[in-house]
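Working notes, structure below.
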Amino acid sequence: MEKLRLIASQEVQEMLGVSRTRSYQITNSKTFPDPVAVLSVGRIWRAEDVERWIRDHRPDLQDAAE
-4 MEKLRLIASQ EVQEMLGVSR TRSYQITNSK TFPDPVAVLS VGRIWRAEDV
46 ERWIRDHRPD LQDAAE
């Protein structure tokens, strides 16, 4: 069984190589995966969902996502 990997906004920002503002815009777009949880510290995504989104929408960043 594969280990569940979760990431927060900071990791998404780093994976995308964008500013916090741009990361917020991207993660709020209709195409971006829904977070699996919303905690007091922010939204949390499954890493594989974000990696898949990067492969599909930002293939130039695929190596950074893995």
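Mapped onto our numbering, the consecutive letters of the sequence shown carry residue numbers -4 to 61.
Glycine included, each C-beta is placed from N, C-alpha and C at the ideal position.
Just so it is clear, the structure is predicted and the values come from calculations on it, not from any experiment.
Rounded straight-line distance, which links the Cα of residue j to that of residue i
i	j	result
Thr22	Val45	10 Å
Arg15	Lys(-2)	28 Å
Leu11	Ser4	11 Å
Cβ-based neighbour list, residue i, same chain, cut-off 6 Å, excluding 5 preceding and 5 following
i	result
Arg0	Ala42
Leu56	Ile49
Cβ-based burial, residue i [other Cβ within 10 Å; buried from 16]
i	result
Val33	exposed
Ser18	buried
Pro30	buried
Same chain, Cβ closer than 7 Å to residue i, neighbours up to 5 away in sequence not counted
i	result
Val7	Ser18, Thr22, Trp40, Val45
Pro28	Trp40, Asp44, Val45, Trp48
Residues near residue i in its chain [Cβ-Cβ closer than 8 Å; skip 5 each side]
i	result
Val13	Ile21
Gly37	Ala3, Ser4
beta-carbon residue i near the ligand MG non-hydrogen atom, thresh 7 Å
i	result
Arg53	With respect to small molecules bound, the structure shown includes none, and the ligand MG cannot be examined in it.
Which ranges does the alpha helix (DSSP H) cover as unbroken runs of at least 4 residues, wholly within the stretch -3 to 57, from first to last along the chain? 4 to 11, 15 to 22, 42 to 52
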